[in-house]
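Chains as they are written, first to last, in the numbering used here: chain A, 1 to 322; chain B, 1001 to 1276; chain C, 2001 to 2375.
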């Protein structure tokens, strides 16, 4: 019981991270029909920008970034989160304009290869000594390590404490707010309508006077800032910050992409659903079967879903025009 | 025509003798979502026949071709080629069974040469597998040579043999349409489906095309079903015509009957509403 | 092909031509292989004397990269699928082959270090193990290729990437290598799960048999196979899938079968390359070799060389293997250069250096023009 509750808490927190990242994949795929391989690197960048900012700002407030006991006021965290989102949003805009826009009419495989190129570029520039460096770092604590709730639940023979920490709740709450904002943007605003029109047919949308380029740019800015938020929240939960080209980041991005595919790629609500499904499978599999193979469960689920429902849980079938 | 390739299906007993049509289609239909694209389509195509399929834009003509070739799976109905059931078959099985087609929006393999576009069909009847290919056994070599010779013979129908080594997309539009027909013939079909073969051609080219289509039918003993918007061409060469509108057959008969059918005229003029 | 077409003109003419051919044609079919082996022998004995041991070693690495890139090109270049898990097949084959020779040597000769001289028993065991490794990798290629029947290009990319990463994770969970011959003889079959191949630190002490002769013999086999495939009915069927799947089906191409065949073939050669890699001196094959970074190296070679051009890909494999060795001091910039190269290639010359042509087709006067590919 206690174990179950604890795993559930972790799954909810991790699931909202996957969902945030998956949203970026799914929006870009919906509009431009290619996997933005560089998306996971934006997450990494969000994490490292947060780290860099924290190390600059905390000393200004007279705090020692290396002391986990002293947490700054919450507005510092919010400021860093917003700055990282803005920085990554701008970068997403630049990447789209420089690398992807010239290939708007090229075969999809070429765009995919370019995306891999951008991904490698971001990783390895990040690794340079005068950028972020190639050694792992420790993220300063930006939130007090408070237990919001401590429950004693039956576990095996006795009782065990289940802790619901501030960090978990903050991750869940921040993601929820961001997802609601996105939901509003996509389904309630004129810009969102334009986005959906472009994803339906780029050519028709431009004939109807929709500024396709601006919509695509906006999509990248939106997706990239969500990715930055995910990167920030990720290092809040796991402060051990890996080097930019570490494969742990690639797996994080890969799993988020799997979440988007499982939910039905191109479908915004599907991405959120997929994120939580993946997190539940991973966390419960890790706890009840073996934690060594947690990545294997996710990919096994992907293959099963693709074979049973190739368009994902919420996706709609597409036909090629002959 | 200089060369005279053997008719690919000479050994197959003609269904004319058995009295049954070569291609028997009964009440096939398909719906996309709620839209019934084609409904209750039936057709009996005898051996060596030359039929036309006409109708206003969006009537579902190409959808019929896609159903016949397995690109779309029919929701209902029956499809028999020489008594062989084709319902639910994959496109490559249907091609192997003997239905070949051309595409309305030309779909050649642009990165392959003209010759290779035609030679590709050779793999369909090839009896040699991976090992023979990799070891280049004499039998395999001989077969490749035969495929090559057959491809040149077929290219000669439209005088394309001199351009065999050029990339397919370097041909002009009309030649690309010709190459599509040659490529379809190379599979050794019993039934040939031509989707707007005259599109974009001038009147002189259309006359030549009409002659070529007749010649192909006679020489290869294939049955031909063609979609065409040029009424002059259709009325001239087709023995029977099927008229489709909104996914259903509204008329069927000889060119003379079709020309005088008020339903057909109404469909094309749209009662003055869709005249444009 | 299993189609049972009754009487086709191809078959009729074929039989008459067959009788005209002399029976030694089957040997003529093996001639390129013999030539390649002679060249490999020459490399083995002449090259180290001319360029020295260090450079010979680079030439060996180039050979392995060629096998990888040329085989990957069957999937990515010819068939137009997109696999980014090729290093996974390589590593799977490598571990399989290494297990066979390591435990084989320990069992038969009581010690794992290299046994026998040039072309001795040990080397033949290694060559056999490489082929078994290739077969195991081909089996994995079949399983990974299956989703390609249901998935479009970029989804497939994710599945292949996932395969490599999962293999990496699984290999990290393997158990320690058995070092004592007595312990090996006492070992139970159940100890094969998980296999004793060294876990996260890699499989050390694999006997080092790989030399220029064996590498270039396998290069020859790979290149001959790829070339013959490209110029055959089977290969044209694969290329037609790359060009237009719907038209390809309409021409009777069984696209499912051909896609899986491409995967199986490519995985087989990657597996043999992995075997050679695992037995190369100075190499400890480890789980990270299965990861995406190594796979990307090979993808870059195929993109740079030209998707479909065998010689172009071989040239790209040579350049991209030799260059980093010469630029050792700039190691951290190597991948940045790769990345820029990829992006600029896609913007400026997306068809690769040679497009779909071979080197000799680019010579002036041959009458072949560059085909601008649009997929």
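Even for Gly, the Cβ is constructed at its ideal location relative to N, Cα and C.
Cβ contact annotation for residue 2359/C (same chain, cutoff 6 angstroms, sequence separation greater than five): 2311, in chain order. Burial state of residue 2030/C is exposed, judged by a 10 Å Cβ sphere holding fewer than 16 other Cβ atoms.
Taking 9 angstroms as the CB threshold, residue 2251/C lines the interface with chain B. Within the region 2138 to 2208 of chain C, the complete alpha helix (DSSP H) segments at least 4 residues long are 2153 to 2172 and 2181 to 2186, listed from N- to C-terminus.
Within chain A, the residues whose beta carbon sits less than 8 angstroms from that of residue 2169/C are 292, 293, 295 and 296, listed in sequence order.
Taking 9 angstroms as the CB threshold, residue 2078/C stays off the interface with chain A.
Following the DSSP letters along the chain, one finds residue 2329/C in no beta strand (DSSP E), marked with neither H nor E. In the structure shown, residue 1073/B falls within a coil segment according to DSSP collapsed to helix, strand and coil. Residue 1133/B is positioned such that its CB atom lies no closer than 9 angstroms to that of residue 2072/C.
Taking a Cβ-Cβ cut-off of 8 angstroms, the neighbours of residue 2343/C in chain A comprise 99, 114, 117, 118 and 121, given in sequence order. Within chain A, 121, 124 and 125 have C-beta atoms less than 7 angstroms from the C-beta of residue 2336/C, given in sequence order. Excluding sequence positions up to five before and after residue 2292/C, its CB lies within less than 7 angstroms of the CB of 2084, 2161, 2164 and 2165, all in the same chain and listed in chain order. Checking the DSSP bridge columns, you'll see residue 1241/B partnered with 1052/B and 1253/B.
If the five residues before and after residue 2325/C are omitted, its C-beta is found closer than 7 angstroms to the C-beta atoms of 2058, all from its own chain and listed in chain order. In this chain, the alpha helix (DSSP H) harbouring residue 186/A covers 166 to 188. Ranked by Cα distance from residue 2196/C, the options 2175/C, 2189/C, 2214/C and 2179/C are led by 2175/C. Put simply, the backbone Cα of residue 2126/C is about 8 angstroms away from that of residue 2275/C. With fewer than 16 other Cβ atoms from the protein chains shown falling within 10 Å of its own Cβ, residue 1211/B counts as exposed. A distance of 9 angstroms or more separates the beta carbons of residue 2054/C and residue 2114/C. At a Cβ-Cβ threshold of 9 angstroms, residue 75/A and residue 231/A do not count as neighbours.
Burial state of residue 289/A is exposed, judged by a 10 Å Cβ sphere holding fewer than 16 other Cβ atoms.
Judged by beta-carbon spacing, residue 2260/C lies within the 9 angstroms limit of residue 2145/C, meaning their Cβ atoms are closer than that value. A Cβ-Cβ contact shorter than 9 angstroms links residue 1178/B with residue 1158/B.
When beta bridges are read from the DSSP output, residue 1084/B appears opposite 1081/B.
Short of 8 angstroms from the beta carbon of residue 302/A, and not among the five residues preceding or following it, lie these beta carbons of its own chain, in chain order: 258, 261 and 262. Ranked by how close their Cα comes to the Cα of residue 1242/B, the residues 1044/B, 1188/B, 1102/B and 1223/B have 1044/B in first place. In this structure, DSSP gives residue 2292/C a helical state, which the three-state scheme calls helix. Check the Cα spacing between residue 2105/C and each of 2279/C, 2134/C, 2244/C and 2060/C: the tightest is with 2279/C. Listed along chain B, the residues sitting closer than 7 angstroms to residue 2254/C by beta-carbon distance are 1092.
Looking from the CA of residue 1238/B, the closest CA among 1250/B, 1225/B and 1244/B belongs to 1225/B. In this structure, DSSP gives residue 29/A a helical state, which the three-state scheme calls helix. Contact annotation: residue 2239/C and residue 1111/B have beta-carbon atoms nearer than 9 angstroms. Within the region 1114 to 1136 of chain B, the residues whose Cβ lies closer than 8 angstroms to some Cβ of chain C are 1116, 1119, 1120, 1121, 1122, 1123, 1124, 1125, 1126, 1127, 1128, 1129, 1130, 1133, 1134, 1135 and 1136, listed in chain order. With its beta carbon less than 9 angstroms from one in chain C, residue 1103/B belongs to the interface. In this structure, the alpha-carbon of residue 68/A lies about 9 angstroms from that of residue 139/A.
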